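Asker:
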Amino acid sequence: MRTRSQSCNSNRQQQQVHPTFVEPFNLVEPIDNQAPPVVMMADDRTMAQLLEVPTEGYEDAIIIPEITADNFELKHGLLTLIQNKQFFGHDKEDPHAHIRYFNKITSTMKFPNVPSTSVKLMLFLFSLEGAPWIWLEKEPP
Numbered sequence: 066m067r068t069r070s071q072s073c074n075s076n077r078q079q080q081q082v083h084p085t086f087v088e089p090f091n092l093v094e095p096i097d098n099q100a101p102p103v104v105m106m107a108d109d110r111t112m113a114q115l116l117e118v119p120t121e122g123y124e125d126a127i128i129i130p131e132i133t134a135d136n137f138e139l140k141h142g143l144l145t146l147i148q149n150k151q152f153f154g155h156d157k158e159d160p161h162a163h164i165r166y167f168n169k170i171t172s173t174m175k176f177p178n179v180p181s182t183s184v185k186l187m188l189f190l191f192s193l194e195g196a197p198w199i200w201l202e203k204e205p206p
């Protein structure tokens, strides 16, 4: 009579594992035992430098027209109101709903001698966060 461990061991002995050898694949075969050609990079930048986001030539994506009104400033509470419902660009977020909310909030404000479009342009960046903000910053003016 066999015990459980003995029967498992006998099954394992029957199933021998043979190692598989794979020859290395060489895309460039040396000619007459010569070393493969060395390919130089186009420039001497490091990987970190290559991964940096280019900022040269970029300006602010939103250009706000000059405001000629005296003593104009956006209050902190207004900025907080806009930032309470920021758009992050997640899959479940609706960009159209974000714009409708933004327009609803900004259309309730009136400043003397200040066009409402200027106020909306000033506040819109505060309504974005993460990838949408980065995308907008990279857009041309």
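Residue numbers (the working numbering): 66 to 206. Beta carbons: idealized from backbone N, C-alpha and C, even for Gly. Only a predicted model underlies this, so the values are computations on that prediction, with no experimental measurement involved.
From the DSSP output, which residues share a beta bridge with Phe-152?
Answerer: Partner(s): Leu-193.
Asker: If we call anything under 8 Å between Cβ atoms a contact, is Gln-151 one with Leu-193?
Answerer: In this structure, Leu-193 lies closer than 8 Å to Gln-151 by Cβ.
Asker: At a cut of 8 Å, does the region 182-197 reach the region 126-135 through at least three beta carbon pairs?
Answerer: These segments touch.
Asker: Which value, in whole angstroms, describes the spacing of the CA atoms of Leu-139 and Lys-157?
Answerer: Their backbone Cα atoms lie some 31 Å apart in a straight line.
Asker: By the three-class DSSP mapping on this structure, what secondary structure does Phe-137 have?
Answerer: Phe-137 falls in the coil class under three-state DSSP.
Asker: In whole angstroms, give me the CA-to-CA distance for Lys-175 and Asn-149.
Answerer: Between Lys-175 and Asn-149, the C-alpha separation is close to 21 Å.
Asker: Helix, strand or coil for Ala-162, going by three-state DSSP, please let me know.
Answerer: Three-state DSSP puts Ala-162 in a helix.
Asker: How many angstroms separate the CA atom of Lys-203 from the CA atom of Thr-85?
Answerer: Each residue's Cα considered, the two are about 51 Å apart.
Asker: The alpha helix (DSSP H) with Ala-126 in it runs from where to where?
Answerer: Here Ala-126 belongs to no alpha helix (DSSP H), and DSSP marks it neither H nor E.
Asker: What is the DSSP secondary structure of Thr-171, counted as helix, strand or coil?
Answerer: Here Thr-171 sits in helix by DSSP.
Asker: Kindly indicate which three-state DSSP category Thr-111 falls into: helix, strand or coil?
Answerer: In this structure, Thr-111 counts as coil in the three-state DSSP scheme.
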